[in-house]
Structure formats: structure tokens, C-alpha cells
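Engineer: Numbering (the numbering used here), first residue to last: 4 to 723. Beta carbons are placed, not taken as given, at the ideal position from N, Cα and C, and that holds for glycine. Bear in mind the structure is a predicted one, so any value in this text is a computation, not a measurement. Take a look at the following structure, please.
Next up, the structure:
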């Protein structure tokens, strides 16, 4: 099936020429091209047209989950009849296994998997191996991590046809080999149940189920049905049942794998003994024997991914299989915001290697753990063949790689101009900002404010809320789906001002934002480099009243370069509009369009009160804030709690008392307190992630237990 691009708009401005150049370059065999497009110029629409003309499976890479979710929503709208999939890390919380020799501290792996994201990953893998060519996968850098052998995945796919001769028990064996679990009570994704000659299968990633009816040793009928109502959806002549996991190993090879693991363990143990390191030798033997026993009895163990080399049949030192291996040879790679994404890919291997080397050196893991890793950049490069790098501020690497093949897209189809940039003194920046916010909100437009630190973002957010301004803040501790929800609420007018640090930059589609305020713009560094400033200024470029204010007492080199580049764009855009008699038009998107662009969070949003502005985060001693001038009385603070020593007994006691209080009070919950409990869970998740990031894993474990207790209480309340 070919790609079918559906849009009520035709390419305009620089788009037709950009599309032509990119398509011609791909057809001419060019390995790399750069699409240098300003914010709001329709780069995603340009890429969608390129994909539709080339008809190749496409991998779209983004540097974070928030932008990936936005791109996923946009491509779903452009290609509703094709396979548009989403592939990001499925961890809501991840504490990697580690050993710190200096303190003799072993940190056990701990994680929390998001089942919805796991389903989307499996759906992406299945779509790629289904033989379809009309597949777009939007992913984060998670795609360079190991996910299992695509050949094993394909071989474990079950293809059945109505009227086919097939023994029922043989189908059940195939399902078990494909990692499905038989369960007659709890029928969820990845499970199957059997009632006489009828087998019900709930595919690993679908919202529907299959019902296969047998007559003796023949498949009499196949139908899909709704798992909730039981209503038949469609009569089928055939069905493909894809494995319930990306990691598939046949039972025939299991004993051989376990034997090889044990052989390597003996070899490594003897090496430790020769070195006089008996503690490491005993530790390794005990741990590996336990893992072998668990795998033999249950089929898995904690940290089984560290044995992936054996299960995949790979040689020592060879790269792992990853999502890119699921694509055909002629796939197209699109790297969005390449100036950020490429450095991320380059850095992944080094960080992973450093952590695992300690585990191997001190007998916690076999050397095979080093082969459970992300790709090196050279390996990634060798797997890709034709690439389009997209960025408003491409780095030197992309420009060199494309050998000067740069397609510029500066003119917006709407005629909108780059923002007017003003530089104002930093000394009274908050007072001045309040005046600008008031003017902007009066026009029913939105405001983005960027600060230098998370603490500044929290305190400024609290200060604005206490002044009656509907405000939220966003930073890296806010989980993936909640970030997307916050962006959606900003666009829909649930609140007016969004404060952040480094997440309000690349790629965010926010036409309702007319003002971007950059505090402390004269503080040179990563967050105030010329590229960062251009990206941040561009967040207002989709609005007809766009303006960016840079607060600083001096104009740095980065500020001047960003201002000059923005003014260059404005001059070219104004000239084009005059020559073509174009009057700039504001981008107005319907509620349906906004909801569609955030479709990845629809299921998660059902559990939340989507249209309620959260309570102020109660920051203490606002008078001490670097932003505060005239401040109301202070309150108790979540932010202050986050900055406390999580390892202290006092903090532990408070956490425990808070958890017990919440659980006791949730035995009989009215609807309002249920919502409060959901908020408490999200807040505890945020604190857990922050504690883990600060290496205070005991505190993170306490928050994890607190979350589980609150979730149990919430489930009990639902049952009532």
C-alpha cells in the first residue's frame, strides 16, 4: 500500500522547492541532506510530502519523548490510513544496576514500565515485519538500544487461515513459544484462554481480540471481537498473531544457552581466583547460578538482558539488534532537531559502558553484560543509508555530512514573520515580565518563560500563581505523558503561562504563544548559546503578534548572533510577502486538531481531571526568591522537600507518615479525594525520579513503596 497524504493545505512558500530538492537528492542517491527550516515553516508537512512521494518506510528520530509524541500526532493526522507508530523508552522510572567501588555500594536495578508505551513499541515492531511499506515510526534515541533478533520475532509470528488444518494443541504451543500466557481469569494483552474448541487471543498491542473456533483439527472460523462487550467486530479469513515480546528464544536453544552461560561463568570465576580475588569469584558464581536457575524454571530473571548475547546467538563484542534492524534496506531516516539528537546518539554508548565496566570488574556480571548496550555512533551510521537532518540551527557535523547540500525553508506558508526581538535590563525583569504577561493574557494569548534552573522555574511559577496568574512549570522530572498533557492544556487555555528551563525549545508546536521571555539571557552557557536562543525565540514564531524579550544587562556574542539571524529571517520574509502580496495569517487550530496532535496520551488522560488547573505548589519563603519583589506570605513547599537530604531519618519519617495518612484516609474516598490521591501519586513519582537522579536510592525506594500503597488504595476505592 502506498502512502496517502491527507491535508486540506497544499505546499506553499518555500515548501514546494524544499520538497523538490529533497526528493531529487534522495533519488540521486545522496547520503545526507539538511533541511534548514525556521520554526513554523511547516518542516513536518514538507517531510510528509517527501515521504508520500518516495513511498519508503521511514524512521523519524527525535531527541525527547515530548517532541516525539507531538510528531507522532502530526504524522497520524497526515497519514490516517497508513501505519504511523510510536517507539520510545517504556520506562516511567528506571534506576540502572550499578556498583560504586569507592564506597563499596551496590545499587540494584529498579524500574516501572508503562504498559501503554510497551504496547506501542510492539505495534511498531509488528508493523515493520508485516511486509507493509507504508510505515512511519516516530522514535526517540531509544531505538539504538537492543530489542531482540528480528528474525526470531518474525519466525514466532503465527499465521492462521480459516479452513486450515491445524491441531488446537499445536496452536497453544505456538502461543506459549511466542511468549503469550494462558490465563482464564484475567484476560489482558499478551494472554489467551481456551474453552473447549474455542481459543481467544488478546494480541500484545491491540485493543481487540481474536476468537478461533475449531472443528476437530480444522479452523472453522476466525473473528475479531471487543474484549469488553464481547461483540463481534469482523469475520476474518486469516490473521497474523505477533509475539507478545521482542525477546524471543525457542525452548530448543534454551538448554544450549544456559550451558554456554555456565561455561563462561566458570572461566571468569577461575580468572578471578588466579588474580587472588576470591570474593569476586564467589559473588559471580552465586549470582550467575541463581540467574540460570531462574531462567530454567521461569523463563526469565532479573537482569536477563545482560545475557542477550547468548539468546541472540551473537559473537562477543558484536552489536545488539535494534529497531533499525527491523527496517528494510532502503528505509529513509529523518533526524529531527539534529543539532541535539546527533550528540545524544554519540554519547549513549560511553555512559552505558562506564557503568557496566564496574559491574564486570567486581564480579557482579559476566563480560557478556557489556554486549547489552546501545549502538556506537559508527554502528548507527553504518546501519543508515539516506538521511535528512532537520534543524533551524544545524551543527557543524550535519553541514559537513551533507557536503553543503542545505535546503533552506525560511518562508512560512502563512506569511508569519520571525518574532520581534527586544533586549531589556535584567534588574527589574520580573516587574517588566508581569506587565507583558498582563497584556498578552488580555489578548487571550499564551506566554513561555525560560529560566536557568529548575528551582528558579518552581519559585517563579509559585510567585505568578500567588498573583492570580494561571501558571504551570515544566522540567525533566515531569513524566513523558504529563509533559504532553501540560502542553495541550496550555494550547487549550486551561492556563496562560508556562515556565520551564530546557524543555521549551526545539520543535514544540504552540501557535497560541505570542510572547517568549528569556530571563538572564546574558548568562553565557549551554542554555544561552546562540543555537539555544534561536530555538527558544522561535517558540513564538507561529503567532501573528510574536515577540521575544531577552532580559540582560549586556548583549553577549550569542545574543547578538541570535538577534542577527532572526532579523535576517524577518527581512527575507517581509520581502517575500511584499512581492507576493501576502498578508500574514494567524494559525488557528481547532480543539479536535489539538487533541489529535496529542493522541498518544488519550488513554492516560482518562485517569486525570484534564481541565483543572493544579493547586499552587506552595513554595516557602517566596521573599527569598531571586525573582520576588513584593511577595505574599510564604507556605510549605514541595520544592523545599525536594532539596532536603532524602537520606535523613527525619525525611524518611515524614514520608512514611504521609503515606500512612494518605492510605488511611483513602479507605472511603469521595470523587474529590480520589482525584487528590491521583495527584499525590504523580507528585510522589516526581520525587522518586528526583531522588534517583540525585543518587539517593533509599529515598527513591521509599517513594516507590508509597506510590504502590496509594495505587492499591485507589484500586480498592474503584472496587467500592
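1) So what does DSSP say about residue 156, is it helix, strand or coil?
2) Determine contact between the stretch 351 to 371 and the stretch 76 to 88, defined as no fewer than three beta-carbon pairs at a distance below 8 Å.
3) Using DSSP bridges, identify the partner residues of residue 552.
4) Is residue 43 closer than 8 Å to residue 415 when the C-beta atoms are compared?
5) Could you tell me the boundaries of the beta strand (DSSP E) in which residue 47 lies?
6) Can you tell me whether residue 674 is buried or exposed? The criterion is at least 16 other CB atoms within 10 Å of its CB, across all chains shown.
7) Identify the continuous alpha helix (DSSP H) that holds residue 300 and give its terminal residues.
8) Scan the stretch 338 to 396 and note each continuous alpha helix (DSSP H) run of 4 residues or more that stays entirely inside, going in chain order.
9) Please classify residue 700: does DSSP put it in a helix, a strand, or coil?
10) Going straight from the alpha carbon of residue 188 to that of residue 18, what length do you get?
11) Quick test of the definition: if touching needs 3 or more C-beta pairs under 8 Å, does the stretch 556 to 569 touch the stretch 426 to 435?
12) Between which two residues does the beta strand (DSSP E) carrying residue 89 extend?
13) Give the list of continuous beta strand (DSSP E) stretches no shorter than 3 residues that lie fully inside the stretch 400 to 460.
14) I need the boundaries of the alpha helix (DSSP H) containing residue 21, first residue and last residue.
15) Confirm, please, whether the CB-CB distance from residue 161 to residue 222 is below 8 Å.
16) In the stretch 143 to 209, which residue ranges form an unbroken beta strand (DSSP E) of at least 3 residues, counting only runs that do not cross its ends?
17) What is the C-beta distance between residue 59 and residue 333, in whole angstroms, given that I count them as a contact (C-beta under 8 Å)?
18) Residues in its own chain within less than 6 Å of residue 24 by CB, not counting five upstream and five downstream?
19) Which word fits residue 394, buried or exposed, when buried means at least 16 other C-beta atoms lie within 10 angstroms of its C-beta?
20) The alpha helix (DSSP H) spanning residue 259 covers which residue range?
21) Any contact between the stretch 459 to 472 and the stretch 498 to 507? By contact I mean 3 or more CB pairs, one from each, below 8 Å.
22) Under the DSSP definition of a beta bridge, which residues are partnered with residue 474?
23) Going by CA-CA distance only, name the one from 280, 194 and 198 that's closest to residue 244.
24) Going by DSSP in three states, residue 658 sits in which element: helix, strand or coil?
25) Measure how close the beta-carbons of residue 165 and residue 252 come, nearest whole angstrom, since I'm counting them as under 8 Å.
26) Within 7 Å: the Cβ of residue 63 and any heavy atom of the ligand NAP?
27) How should residue 293 be labelled, buried or exposed, when 16 other C-beta atoms within 10 angstroms of its C-beta is the threshold for buried?
28) Report buried or exposed for residue 106, applying the criterion of at least 16 other Cβ atoms within 10 angstroms of its Cβ.
29) Nearest CA to the CA of residue 533: which residue from 396, 282 and 311?
30) Measuring CA to CA, which of 29, 77, 447 and 57 is closest to residue 45?
31) Suppose you measure from the CA of residue 717 to the CA of residue 680; what does that come to, to the nearest Å?
32) Assuming residue 114 contacts residue 102 (C-beta within less than 8 Å), just tell me the rounded distance between them.
Structural biologist: Let's see:
1) helix
2) no
3) Paired residue(s): 425 and 520.
4) yes
5) No beta strand (DSSP E) holds residue 47; the alpha helix (DSSP H) holding it covers 46 to 57.
6) Below a pLDDT of 50, predicted positions are generally treated as unreliable, and residue 674, at 42, falls in that range; the measurement from the model is reported next regardless. By the neighbour-count rule (16 or more Cβ atoms within 10 Å), residue 674 is not buried but exposed.
7) 281 to 301
8) List check, alpha helix (DSSP H) in window: 341 to 364 and 380 to 386.
9) helix
10) 55 Å
11) yes
12) 86 to 90
13) 409 to 412, 423 to 427 and 449 to 453
14) 18 to 30
15) no
16) Qualifying beta strand (DSSP E) stretches, in chain order: 161 to 164, 194 to 198 and 201 to 205.
17) 6 Å
18) 410
19) buried
20) 254 to 277
21) Note that the stretch 459 to 472 touches the stretch 498 to 507; at least 3 beta-carbon pairs, one per stretch, sit closer than 8 Å.
22) Looking at the DSSP assignment, residue 474 forms a beta bridge with 500.
23) 194
24) Only weak support exists for where residue 658 lies, its pLDDT of 38 falling under 50; the value from the coordinates is given anyway. Reduced to three states, the DSSP call for residue 658 is helix.
25) Wrong, their Cβ atoms sit about 31 Å apart, outside the cutoff.
26) Among the components modelled here there is no ligand, and therefore nothing to report on the ligand NAP.
27) exposed
28) exposed
29) 396
30) 77
31) 7 Å
32) In fact, because the Cβ distance is near 18 Å, the residues do not count as touching under 8 Å.
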